[in-house]
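For reference, the structure discussed in these notes is given below.
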Amino acid sequence: MDFQEKLQKCRDEIYQKVSTKNITLLNDFGVNQNLRFNKNGKYFYSIINHGIDGYDLEIKHINKFLNQLDDKKVYIIIPILSVNNTPDEPFIILSKQILVSKVSNEKLITDYLNNKSELFFNIYLTDKPEQMFITFKYKEIQFNFNEKEQFK
């Protein structure tokens, strides 16, 4: 097996494992000095819940998002909590950057984000607004194991 085949095998394994049994944060991979991430490029936004379902995310919200992702690709998501979902109003980032793929565990992600939003409400708010929006800021990431090889 040559280097490129080994690299593809590692990429496939990461694709199959990110956020499946545990939430995988981007900085979880910081311990591996040979792994390099390329986060260049445009971020996209996806409204995950539209504020009509109360505060708790449901699995169907995450499932819908994951199903729109491309096969065999890994993404960073940044979960954003806002009251009115308008870009010029303040918002809260619920978590560090999470790695996901199309095969990530939607229940695991749903529970994780519901716990994070509940923690936020318990610490910072005495009165909850009538509705909240959760939006994912996301993008595909590329990674490599050989620092001499450049990203394309």
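Just so we're aligned: the sequence shown equals residues 21 to 172 in the working numbering. Note that the Cβ used here is the ideal one computed from N, Cα and C, for glycine as well. On a predicted model such as this, the values are computed, not experimentally measured, just so you know.
- Distance between N47 and L139, taken at the CA atoms: about 21 Å.
- In this structure, DSSP gives Q151 a state outside helix and strand, which the three-state scheme calls coil.
- Membership of Y95 in the beta strand (DSSP E) is indicated by the continuous run 94-102.
- Considering only Y63, N104, L86, P110, the residue with the shortest C-alpha distance to T40 is L86.
- Short of 6 Å from the beta carbon of H81, and not among the five residues preceding or following it, lie these beta carbons of its own chain, in chain order: I68, N69.
- As the crow flies, the alpha-carbon of N105 is around 26 Å from that of V94.
- If the five residues before and after N164 are omitted, its C-beta is found closer than 6 Å to the C-beta atoms of R56, all from its own chain and listed in chain order.
- Bounds of the beta strand (DSSP E) holding F64 are 64-69.
- Under the three-state reduction of DSSP, E138 is assigned to helix.
- Approximately 18 Å separates the beta-carbon atoms of I154 and L45; this is outside 8 Å, ruling out the contact.
- Residue range 79-87 is occupied by the alpha helix (DSSP H) that includes N87.
- By the neighbour-count definition (other C-beta atoms within 10 Å, threshold 16), F23 is an exposed residue.
- S124 sits away from L101, with the two beta carbons spaced by 7 Å or more.
- Judged by beta-carbon spacing, K157 lies within the 7 Å limit of I98, meaning their Cβ atoms are closer than that value.
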